[in-house]
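Engineer: Numbering (my numbering), first residue to last: 182 to 539.
Positions of the beta carbon are idealized from the N, C-alpha and C atoms, including for glycine.
If you're wondering where the values come from, they're calculated on a predicted model, not measured in any experiment.
In structure tokens:
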């Protein structure tokens, strides 16, 4: 898969609407790029599996993980004036939500445009201007002028998903990608790119890719995929929040254009130190740029996978994403590419003895 095709794949997966619990369109965007890679399957939760062609069923199993959902919202109520009350799905900072374009799915399954809105400053009291913005004061406006019009003409109903409206772009001169849901559609693309790169190559492990649903609401999909796959070892691809614009220089551990990030710890997983060191040493040996991070908060699907059955060694290979959990993300293609390179190099070397040493 060349760079042009890879970018087309990333764009298609990034642009797909798929907030937690509503990942159908994301799976539809992933499917064409999984053709020829092996047996595919989607479960009732909308987790999507790719069992690599050439798996024997008698070798150690490597799970390649990423999550397909994105942070977004759900329609909670329809106001008398036709605007929509919403609740967040996944972690948002409230003041980042208003004044953005969104897509609202209606009763006919069509995504229609809307705007996130809050009370205009012209009509705020001094106290309201100074008060922190509360989620209950944010609405989505699709253009309706009454509750009846919102329901009957626009097809709005409660319980429907609301996703950011952002279109992927890439600048060859700066090597920067800008789009939505890089956390973790870049990971889904990395699974596909890794499997394409290794197509036809002899491995000493079986590989199963899984694009898991509902990570943003508590790693729910990976809790299922890890039980289905029963891995002996795993690689979790993530779109990790970049820190290079918001911390002291000496604390920067997830900068864009410095390679993928391998985290030693987060709130829900201490990375297997032997597997982590193996990956870091291999990257150094092969001159693949990587970063190391120690995180006191946050988590990934590794939280569920590493606690599966026999205890699974897991590493997280994270592509740095500036402004994750907002409408827009910014990432460097080179970081994505190096994440895939490292995963491929690990997979070509893994065997039963190596895994046993972890």
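1) Using a threshold of 8 Å, state whether the C-beta atoms of residue 199 and residue 250 are closer than that.
2) Cα separation between residue 440 and residue 392?
3) Skipping 5 residues on each side, what residues in its chain have a beta carbon closer than 7 Å to that of residue 282?
4) Under the assumption that residue 256 contacts residue 285 (Cβ atoms under 8 Å), give the Cβ distance between them as a whole number of angstroms.
5) In terms of alpha-carbon separation, which member of 456, 465, 455, 450 lies closest to residue 557?
6) Note down, in chain order, each residue of its chain lying with its Cβ closer than 8 Å to the Cβ of residue 243, except the 5 sequence neighbours on either side.
7) Touching or not, the segment 212-228 and the segment 320-330, by the rule of three or more beta carbon pairs under 8 Å?
8) Please specify which runs of the alpha helix (DSSP H), each continuous and at least 4 residues long, are wholly inside the segment 342-415, giving them in chain order.
9) Work out the CA separation of residue 362 and residue 201 for me, nearest whole Å.
10) For the structure I just gave you, are there three or more beta carbon pairs, one from the segment 511-530 and one from the segment 484-495, closer than 8 Å?
11) Distance, Cα to Cα, residue 343 vs residue 539?
12) Measuring straight from C-alpha to C-alpha, what distance separates residue 229 and residue 268?
13) Can you tell which of 375, 310, 364 has its C-alpha closest to the C-alpha of residue 520?
14) Checking the sheet assignment: what are the DSSP bridge partners for residue 443?
15) Measure the C-alpha to C-alpha separation of residue 187 and residue 329 and round it to an integer number of angstroms.
16) What did DSSP end up calling residue 478 once you bin it into helix, strand or coil?
17) Where in the segment 309-344 do unbroken runs of the beta strand (DSSP E), each at least 3 residues long, occur, reported from the N-terminal end onward?
18) Between residue 457 and the rest of its own chain, which residues show a CB-CB distance below 7 Å, the 5 nearest in sequence each way excluded?
19) If you follow the alpha helix (DSSP H) that residue 184 is in, where does it begin and where does it stop?
20) Going along the chain, which residues of its own chain have a beta-carbon closer than 8 Å to the beta-carbon of residue 291, five neighbours each way excluded?
21) With a 10 Å radius around its C-beta and 16 neighbouring C-beta atoms as the bar for buried, classify residue 304 as buried or exposed.
Structural biologist: Based on what the coordinates show:
1) Mapped onto the chain shown, residue 199 falls at position 18. Mapped onto the chain shown, residue 250 falls at position 69. Yes; because the gap between Cβ atoms is below 8 Å, this pair is in contact.
2) Translated into positions along the chain shown, residue 440 becomes position 259. Translated into positions along the chain shown, residue 392 becomes position 211. Computed Cα separation, rounded: 22 Å.
3) On the chain shown, position 101 is the one that residue 282 refers to. Excluding sequence neighbours, residue 282 sits near 294, 296, 346.
4) Taking the chain shown and counting its residues from 1, the one referred to as residue 256 is at position 75. Taking the chain shown and counting its residues from 1, the one referred to as residue 285 is at position 104. So it is a contact: roughly 7 Å between Cβ atoms.
5) Outside the modelled stretch of the chain, which goes from 182 to 539, sits residue 557, for which no answer is possible.
6) Taking the first residue of the chain shown as position 1, residue 243 is located at position 62. These residues qualify, in order along the chain: 386, 387, 388, 389, 412, 413, 414, 415, 416, 528, 531.
7) no
8) 363-378, 401-410
9) If you number the chain shown from 1, residue 201 lands on position 20. If you number the chain shown from 1, residue 362 lands on position 181. Using only the alpha carbons, I get a separation of about 11 Å.
10) no
11) Your numbering for residue 343 matches position 162 in the chain shown. Your numbering for residue 539 matches position 358 in the chain shown. Cα-Cα distance, rounded: 42 Å.
12) Residue 229 sits at position 48 when you count from the first residue of the chain shown. Residue 268 sits at position 87 when you count from the first residue of the chain shown. Going from the Cα of residue 229 to the Cα of residue 268 covers about 26 Å.
13) If you number the chain shown from 1, residue 520 lands on position 339. It is 375 whose Cα lies nearest to the Cα of residue 520.
14) By 1-based counting over the chain shown, the position of residue 443 is 262. The partner list for residue 443 (beta bridge, DSSP) reads 473, 498.
15) Along the chain shown, one-based indexing puts residue 187 at 6. Along the chain shown, one-based indexing puts residue 329 at 148. Going by the C-alpha atoms only, they are around 45 Å apart.
16) Here residue 478 refers to the residue found at position 297 when the chain shown is read from its first residue. Here residue 478 sits in coil by DSSP.
17) 320-322
18) As a first step, residue 457 must be located in the chain shown, where it is residue number 276. Only 443, 445, 496 meet the Cβ criterion.
19) Here residue 184 refers to the residue found at position 3 when the chain shown is read from its first residue. Counting along the chain, the alpha helix (DSSP H) containing residue 184 begins and ends at 184-196.
20) In the chain shown, residue 291 corresponds to position 110, counting from 1. These residues qualify, in order along the chain: 336.
21) As a working note, residue 304 is residue 123 in the chain shown. Answer is exposed; the Cβ neighbour count stays below 16.
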